[in-house]
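S.K.: Structure in C-alpha cells, see below.
There are 2 protein chains.
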Amino acid sequence: MTLYNYFRSSASYRVRIALALKGLSYEYIPVHLTRGGGEQFNAAYRELNADALTPTFVGEEGQLLTQSLAIVEYLDETYRDPPLLPASAVDRAYVRSLALQVACEMHPLNNLRVLAYLKQTLEVSDEQKSAWYRYWIDLGFSSLEKKLSSDKRTGLFCFGDTPTIGDLCLVPQVFNAQRMLVPLDSYPTIVRIASHALTLDAFKKAEPAAQIDAA
Amino acid sequence: MTLYNYFRSSASYRVRIALALKGLSYEYIPVHLTRGGGEQFNAAYRELNADALTPTFVGEEGQLLTQSLAIVEYLDETYRDPPLLPASAVDRAYVRSLALQVACEMHPLNNLRVLAYLKQTLEVSDEQKSAWYRYWIDLGFSSLEKKLSSDKRTGLFCFGDTPTIGDLCLVPQVFNAQRMLVPLDSYPTIVRIASHALTLDAFKKAEPAAQIDAA
Chain A
1 MTLYNYFRSS ASYRVRIALA LKGLSYEYIP VHLTRGGGEQ FNAAYRELNA
51 DALTPTFVGE EGQLLTQSLA IVEYLDETYR DPPLLPASAV DRAYVRSLAL
101 QVACEMHPLN NLRVLAYLKQ TLEVSDEQKS AWYRYWIDLG FSSLEKKLSS
151 DKRTGLFCFG DTPTIGDLCL VPQVFNAQRM LVPLDSYPTI VRIASHALTL
201 DAFKKAEPAA QIDAA
Chain B
216 MTLYNYFRSS ASYRVRIALA LKGLSYEYIP VHLTRGGGEQ FNAAYRELNA
266 DALTPTFVGE EGQLLTQSLA IVEYLDETYR DPPLLPASAV DRAYVRSLAL
316 QVACEMHPLN NLRVLAYLKQ TLEVSDEQKS AWYRYWIDLG FSSLEKKLSS
366 DKRTGLFCFG DTPTIGDLCL VPQVFNAQRM LVPLDSYPTI VRIASHALTL
416 DAFKKAEPAA QIDAA
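Chains A and B are the protein sequences, given in the same order. The numbers in this note's numbering rise by one with no breaks, and the one at position 67 of the first sequence is 67. The numbers in this note's numbering rise by one with no breaks, and the one at position 180 of the second sequence is 395.
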C-alpha cells in the first residue's frame with residue numbers, strides 16, 4: 001500500500017490515523033504542497049489525482065483511491081479490526097455527521113488553495129485572511145462542542161471510548177487550529193478528546209511532526 | 216419521516232433524491248434560508264440542528280440526523296432497495312470519492328453563508344463574487360469531467376446505469392451551476408448524466424421547482 005501525502009495536510013492526516021489504527025504498513029510518498037509552486041500540480045501526480053489534492057491511496061492490488069473519507073471507509077470495510085464506525089445505522093449516521101461537519105463545513109474553507117485565492121485573487125490582507133480562518137473554525141467548533149458536550153454517546157472519544165471516523169477528522173482539525181493560533185478555550189470537550197487521542201500510539205504515529213517530510 | 220429542508224438547498228436536494236429513489240414518503244417542512252434573515256437561525260430549528268444548516272432528517276423512530284451524506288448513507292443502510300452504492304469496496308470508494316468531490320471541494324465554497332461572508336465582511340463586488348463561484352465550479356467540474364469521461368465504470372450514470380450517491384451530489388451541483396449561469400459546455404459527460412437523471416421520476420420529484428416552498 002502507498003500513501004501519497006503531505007505531513008501537514010489535514011486530509012492526509014485522517015488517512016494516516018486510520019492506517020495506524022488498523023495496524024497497516026504502507027509506503028509514504030511525500031507530495032510537498034508549497035515547494036516549487038506545489039508538487040501536487042506536477043503532471044505525474046495529476047495522473048494519479050486529477051484534483052491535485054492529497055492524499056492519494058494505492059491499495060494492495062493497485063487500486064487508486066482519492067478523497068480521505070472515501071479512503072477511510074474503504075479501509076474500514078476491507079480491514080475490519082478495529083471498526084471505525086459504530087454498529088447501528090443511526091449511530092453510524094451520527095458519527096458520519098461529526099466527520100462531515102469537519103470535512104464539509106470547516107476544512108474546505110481553510111485549505112491551501114482557498115487561502116491562496118483569498119490572498120492572490122481577492123487581495124485580502126493577512127489580517128482578513130486570519131479572521132476568515134478563525135471564523136470558520138469557530139463556527140464549526142461551536143456547534144461540534146455543543147453536540148459533543150451534550151450527547152450521551154460522547155465518551156473518551158467522539159463516540160464512546162474507542163476512536164471512530166469522527167476523531168479521525170477532529171484531531172487534524174484541532175492541529176490546524178492550534179497551528180493557526182486559534183484560541184480553543186471555548187471548546188473544552190473537543191480539546192479533551194483530541195488530547196486523549198494523542199496519548200494513543202496510532203495517533204502519535206500519524207502526527208505531522210512524526211512524518212518523514214516534516215519541516 | 217420528516218425532512219426539514221429548503222427547495223433550493225443543494226444538500227436538501229441530495230436527500231430528496233435518495234428518499235424518492237427508495238420510494239419513501241415523508242413530511243416536508245420548509246426552512247426558508249433567506250426570509251427574515253434565515254429561518255435556519257430560529258431557536259426552534261437550532262434545537263434540531265446546531266449548525267443552522269439544512270437538511271435535518273427525522274426518522275421513523277424519531278432519530279434526528281444531520282449532514283446530507285450521513286443521512287443518505289443511513290437511508291441506504293436502512294432501506295436497501297435500490298442500493299445507492301456499488302457492491303465492492305473499491306467501487307464504493309470510487310463512488311464516494313465522486314460524491315465527496317462535490318460535497319467537500321465544490322459546494323462548501325459556494326453555499327449561502329460563504330457568499331454572505333464574501334459580500335458582507337470582505338466586501339467583494341458582485342463581479343468578484345460571481346468569479347469566485349465560477350472558479351470553484353470550474354475547478355471541481357474539470358476534474359470530475361476528466362474522471363467520468365475516462366473511467367470505464369461510467370454509464371448512463373456516474374457509475375453504471377443506475378443512480379448512486381455520486382449522481383445524488385452531481386445533479387444538484389449542476390442545478391446550482393445553471394442557476395448561476397456558469398457555462399457547462401466543457402463538461403459534456405456531466406451534463407449528459409444530469410440530463411439523463413432528470414428523465415427519471417425520482418429525480419423529477421426531488422427537483423427544486425417541484426417543492427412546496429418553490430418561489
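Idealized CB from N, CA, C, for every residue including glycine.
Spatial neighbours of A/R14 within its chain, please: CB distance less than 7 Å, with the 5 preceding and 5 following residues excluded, ordered by chain position.
M.R.: The residue you call residue 14 of chain A lines up with position 14 of the first sequence. So the list reads S68, V72, L168, C169, P172, once near-sequence residues are dropped.
S.K.: Got a sec, what are the start and stop residues for the beta strand (DSSP E) B/N220 sits in?
M.R.: The sequence position of residue 220 of chain B within the second sequence is 5, counting from 1. Start and end: 217-220.
S.K.: Cα separation between A/G37 and B/S401?
M.R.: Looking up residue 37 of chain A in the first sequence gives position 37. Looking up residue 401 of chain B in the second sequence gives position 186. Cα to Cα, the separation comes out at about 26 Å.
S.K.: By Cβ distance below 7 Å, which residues in the same chain neighbour B/Y350 in space, the five residues on each side in sequence not counted?
M.R.: What you label residue 350 of chain B is simply residue 135 of the second sequence in a count that begins at 1. There are no such residues.
S.K.: Along chain A, which residues have their Cβ under 9 Å away from the Cβ of B/C319?
M.R.: As a first step, residue 319 of chain B must be located in the second sequence, where it is residue number 104. Result: A11, Q67, S68, L69, L100, A103, C104, H107, P108.
S.K.: Can you tell me whether DSSP reads A/I29 as helix, strand or coil?
M.R.: Position 29 of the first sequence, counting from 1, holds the residue named residue 29 of chain A. In the structure shown, A/I29 sits in a strand (DSSP, three-state: E or B).
S.K.: Using only CA atoms, which one of A/G140, A/L198, A/N49 lies nearest to A/A177?
M.R.: Against the first sequence, residue 177 of chain A aligns to sequence position 177. Per the Cα distances, A/G140.
S.K.: If the criterion is Cβ atoms closer than 8 Å, does the pair A/A103 and B/A285 meet it?
M.R.: Indexing the first sequence from 1 puts residue 103 of chain A at position 103. Indexing the second sequence from 1 puts residue 285 of chain B at position 70. Going by C-beta atoms, A/A103 is not nearer than 8 Å to B/A285.
S.K.: Taking CB distances under 8 Å as the criterion, tell me whether B/L337 reaches chain A.
M.R.: As a working note, residue 337 of chain B is residue 122 in the second sequence. Interface residue, yes.
S.K.: Residues of the segment 398-426 of chain B in Cβ contact with chain A at a cutoff of 7 Å, in chain order, please.
M.R.: Answer in chain order: no residues at all.
S.K.: For B/L396, count the other beta carbons within 10 Å of its own beta carbon; 16 or more makes it buried, fewer makes it exposed. Which is it?
M.R.: For the purposes of this step, residue 396 of chain B is taken as residue 181 along the second sequence, with counting starting at 1. By the 10 Å Cβ count, B/L396 comes out exposed.
S.K.: Tell me the start and end of each unbroken alpha helix (DSSP H) in the segment 320-348 of chain B that is at least 4 residues and wholly inside, in chain order.
M.R.: As far as the segment 320-348 of chain B is concerned, its whole alpha helix (DSSP H) runs of at least 4 residues are 327-331.
S.K.: Could one say the Cβ of A/D51 lies closer than 8 Å to chain B's Cβ atoms, at least one of them?
M.R.: The residue labelled residue 51 of chain A in the question sits at position 51 within the first sequence. It does: the Cβ of A/D51 has a partner Cβ on chain B nearer than 8 Å.
S.K.: Does the segment 157-167 of chain A touch the segment 123-137 of chain A, meaning 3 or more C-beta pairs lie closer than 8 Å?
M.R.: Taking 8 Å as the limit for Cβ pairs, the verdict is that the segment 157-167 of chain A does not touch the segment 123-137 of chain A.
S.K.: What residue from B/A425, B/L359, B/A421, B/R231 has the CA that sits closest to B/I408's CA?
M.R.: Residue mapping note: residue 408 of chain B aligns to position 193 of the second sequence, counting from 1. Per the Cα distances, B/L359.
S.K.: Consider the Cβ of B/V386: report whether some Cβ of chain A lies at a distance smaller than 8 Å.
M.R.: In the second sequence, the residue the question calls residue 386 of chain B occupies position 171. Taking Cβ atoms only, chain A never reaches closer than 8 Å to B/V386, which makes this a no.
S.K.: For the segment 268-278 of chain B and the segment 216-226 of chain B, state whether three or more C-beta atom pairs, one from each stretch, are separated by less than 8 Å.
M.R.: Segments in contact, yes.
S.K.: Look at the alpha carbon of B/D296 and the alpha carbon of B/L239, and state the distance between them as a whole number of angstroms.
M.R.: Taking the second sequence and counting its residues from 1, the one referred to as residue 296 of chain B is at position 81. Taking the second sequence and counting its residues from 1, the one referred to as residue 239 of chain B is at position 24. Approximately 11 Å, taken between the alpha carbons.
S.K.: Using a Cβ-Cβ cut-off of 6 Å (strictly less than) and excluding sequence neighbours within five positions of B/H411, which residues of its own chain qualify?
M.R.: As a position in the second sequence, residue 411 of chain B is number 196, starting the count at 1. Cβ neighbours of B/H411 beyond the five flanking positions: L371.
S.K.: Can a CB atom of chain B be found closer than 8 Å to the CB of A/K146?
M.R.: Position 146 of the first sequence, counting from 1, holds the residue named residue 146 of chain A. Closer than 8 Å to some Cβ of chain B, the Cβ of A/K146 qualifies, so yes.
S.K.: For A/A20, which option in A/F175, A/V124, A/D76 has the closest C-alpha, if you only look at C-alpha atoms?
M.R.: By one-based count along the first sequence, residue 20 of chain A stands at place 20. Checking every option, the nearest Cα to that of A/A20 belongs to A/D76.
S.K.: Per DSSP, B/F272 is paired with what?
M.R.: In the second sequence, the residue the question calls residue 272 of chain B occupies position 57. B/L218, B/L280.
S.K.: Answer with yes or no whether the minimum CB distance from B/T269 to chain A is below 8 Å.
M.R.: In the second sequence, residue 269 of chain B corresponds to position 54, counting from 1. B/T269 does not count as touching chain A.
S.K.: Which residues of chain A have a Cβ atom closer than 9 Å to the Cβ of B/A259, listed in chain order?
M.R.: Along the second sequence, one-based indexing puts residue 259 of chain B at 44. Within 9 Å Cβ-Cβ: nothing; B/A259 doesn't reach chain A, min ~15 Å.
S.K.: Using a Cβ cut-off of 8 Å (strictly closer), state whether B/Y332 contacts chain A.
M.R.: On the second sequence, position 117 is the one that residue 332 of chain B refers to. Chain A contact via Cβ: present.
S.K.: Here's a check: name, in chain order, each residue in its chain whose Cβ is nearer than 6 Å to the Cβ of A/S10, leaving out the five neighbours to either side.
M.R.: Working through the first sequence from its first residue, we reach residue 10 of chain A at position 10. Counting only Cβ-Cβ distances below 6 Å, and skipping sequence neighbours, we find H107, P172, N176.
S.K.: Once the 5 residues before and after B/H247 are set aside, which same chain residues still bring their CB inside 8 Å of it?
M.R.: Taking the first residue of the second sequence as position 1, residue 247 of chain B is located at position 32. Only Y221, G253, E254, D428 meet the Cβ criterion.
S.K.: For a quick check, are the C-beta atoms of B/L324 and A/V114 less than 8 Å apart?
M.R.: The sequence position of residue 324 of chain B within the second sequence is 109, counting from 1. The sequence position of residue 114 of chain A within the first sequence is 114, counting from 1. Yes, they are a contact pair.
S.K.: Pick helix, strand or coil for B/T414, following the three-state DSSP scheme.
M.R.: As a working note, residue 414 of chain B is residue 199 in the second sequence. Residue state, collapsed to three classes: coil.
S.K.: For B/E320, count neighbouring C-beta atoms within 10 Å of its own C-beta (all shown protein chains included) and say buried if the count is 16 or more, exposed if not.
M.R.: Taking the first residue of the second sequence as 1, we reach residue 320 of chain B at position 105. Buried: at least 16 other Cβ atoms inside 10 Å.
S.K.: Give me the Cα-Cα distance between A/I190 and A/K152, rounded to the nearest whole angstrom.
M.R.: Mapped onto the first sequence, residue 190 of chain A falls at position 190. Mapped onto the first sequence, residue 152 of chain A falls at position 152. Near 15 Å, if we compare the C-alpha coordinates of A/K152 and A/I190.
S.K.: Decide if B/Q426 is buried, meaning its Cβ has at least 16 other Cβ atoms within 10 Å, or exposed.
M.R.: What you label residue 426 of chain B is simply residue 211 of the second sequence in a count that begins at 1. Classification for B/Q426: buried.
S.K.: Flag A/Y4 as yes if its beta-carbon sits less than 8 Å from any beta-carbon of chain B, otherwise no.
M.R.: As a first step, residue 4 of chain A is located in the first sequence; it is residue number 4 there, counting from the start. Not an interface residue.
S.K.: Which residues of chain B have a Cβ atom closer than 8 Å to the Cβ of A/A221, listed in chain order?
M.R.: Because residue 221 of chain A is not part of the residues shown, which for chain A are 1 to 215, the question remains open.
S.K.: What residues from chain B crowd round A/Q128, counting only those whose CB sits closer than 9 Å?
M.R.: For the purposes of this step, residue 128 of chain A is taken as residue 128 along the first sequence, with counting starting at 1. Going along chain B in sequence order, the residues near A/Q128 (Cβ under 9 Å) are T336, L337.
S.K.: Closest by CA to B/Q278, which one among A/L148, A/L65, A/V90?
M.R.: In the second sequence, residue 278 of chain B corresponds to position 63, counting from 1. Comparing Cα positions, the closest option is A/V90.
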